[in-house]
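**Student:** Could you have a look at this structure, given as structure tokens, before my questions?
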Amino acid sequence: MSLFTASPLLRSSLTSTRSVLGTARCVPASFMLAQQAPRSLTTTPVARALPWAKHATTRPVSLEQDFKELNVVRNERPTSPHFTIYQPQLTWLSSIVNRITGAGLSLGLYGFMSAYAAAPLMGWTDCLSSAHLVQVVATMPYWAKLAVKVPLAAAFSFHTFNGLRHLSWDMGYFLSLKTSYIAGYTTIGLSLASTIYLSML
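Numbering (my numbering), first residue to last: 4 to 204.
Encoded structure:
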């Protein structure tokens with residue numbers, strides 16, 4: 004809210020209105036746009052005492068016009084810096100990957116469960132039966148098996164070990180920068196070893 008808007012709102016009296024549900028509420032009279040007459044831009048006494056404010060030009064505007072101009076100015080403000088401008092660090096990179104793997108595993112699990120539950124209604128009972136799935140996997144080439152197993156194993160392994168790392172933080176362990184990085188590299192090493200092991204099964 005600009006100084007031009009805040010000053011008259013603070014000085015305005017409260018007007019009792021009634022909402023759609025019939026409950027009474029008090030709002031500043033300046034919010035009643037339909038009853039707001041054009042006014043000159045005003046500021047607080049402190050702002051008016053500034054040297055540059057003595058020669059500032061004013062023009063009559065309504066409260067609605069003031070809000071529109073304020074929104075235009077807000078759109079021209081620079082946005083907050085995005086995380087891509089910062090140097091990559093293990094702590095926030097692992098946090099992002101943890102969220103991605105968690106969302107991917109959840110979507111895959113709930114997707115398969117939904118398809119398995121809907122299989123009798125859709126006539127897919129034979130397609131999703133355990134015997135049929137085992138037969139499909141057995142006939143797949145080795146590269147296709149790895150293409151399916153490696154992403155699943157990597158996501159599961161990293162999310163599991165990094166979840167244990169987060170739990171250790173909740174219990175007050177590995178909170179310093181040095182121990183946090185040690186735990187992070189340990190998580191990556193265990194995740195790689197677990198991915199290789201699960202992919203070779």
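Yeah, the Cβ is synthetic: ideal placement off N, Cα and C, and Gly gets one too.
Is it true that the CB of Ala157 sits closer than 8 angstroms to the CB of Thr3?
**Tutor:** Nothing can be reported for residue 3, as the shown portion of the chain is limited to 4 through 204.
**Student:** Return helix, strand or coil for Pro63, following the three-state DSSP convention.
**Tutor:** In the structure shown, Pro63 sits in a strand (DSSP, three-state: E or B).
**Student:** Given this structure, state the Cα-to-Cα distance separating Arg77 from Trp95, to the nearest angstrom.
**Tutor:** Rounded to the nearest angstrom, the two C-alpha atoms are 29 angstroms apart.
**Student:** Give the straight-line distance between the Cα atoms of Pro81 and Tyr89, rounded to the nearest whole angstrom.
**Tutor:** Each residue's alpha carbon lies about 17 angstroms from the other.
**Student:** Our contact map puts Gly187 next to Ser97 with C-beta atoms below 8 angstroms; I'd like the distance itself, whole angstroms only.
**Tutor:** With a Cβ gap of about 6 angstroms, Gly187 and Ser97 count as contacting.
**Student:** Could you check whether the Cβ of Asn101 sits closer than 8 angstroms to any Cβ belonging to chain D?
**Tutor:** Absent here is chain D; the protein component of the structure consists of one chain.
**Student:** Tell me where the alpha helix (DSSP H) around Tyr145 begins and ends.
**Tutor:** Unbroken alpha helix (DSSP H) run through Tyr145: Tyr145 to Asp173.
**Student:** Helix, strand or coil: how does DSSP classify Ser179 here?
**Tutor:** Three-state DSSP puts Ser179 in coil, outside helix and strand.
**Student:** Is Leu149 closer than 8 angstroms to Ser194 when the C-beta atoms are compared?
**Tutor:** No.
**Student:** Mapping DSSP to helix, strand and coil, what is Gln68?
**Tutor:** The answer is helix: DSSP assigns Gln68 an H, G or I state.
**Student:** Would Thr182 be called buried (16 or more neighbouring beta carbons within 10 Å of its own) or exposed?
**Tutor:** Thr182 is exposed by the Cβ-count criterion.
**Student:** Does the separation of the CB atoms of Asn165 and Asn101 fall below 8 angstroms?
**Tutor:** Yes, the Cβ-Cβ distance between Asn165 and Asn101 is below 8 angstroms.
**Student:** Quick one: residues in its chain with C-beta nearer than 6 angstroms to the C-beta of Phe161, no 5 flanking neighbours on either side, listed in chain order?
**Tutor:** Excluding positions up to five away in sequence, the list reads Thr104 and Ser194.
**Student:** Look up Gly187 in the DSSP assignment and say whether it is helix, strand or coil.
**Tutor:** DSSP places Gly187 in helix when its eight states are reduced to three.
**Student:** Excluding the 5 residues preceding and the 5 following Leu155 in the sequence, name in chain order all residues of the same chain whose CB lies nearer than 6 angstroms to its CB.
**Tutor:** Correct list: empty, nothing qualifies.
**Student:** Give the straight-line distance between the Cα atoms of Phe70 and His85, rounded to the nearest whole angstrom.
**Tutor:** Spanning the two alpha carbons is a distance of roughly 28 angstroms.
**Student:** Would you check if the distance between the CB atom of Leu131 and the CB atom of Ala118 is smaller than 8 angstroms?
**Tutor:** Yes, these two residues count as a Cβ contact at 8 angstroms.
**Student:** How many angstroms separate the CA atom of Ser109 from the CA atom of Leu66?
**Tutor:** Taking the straight line joining both Cα atoms gives about 49 angstroms.
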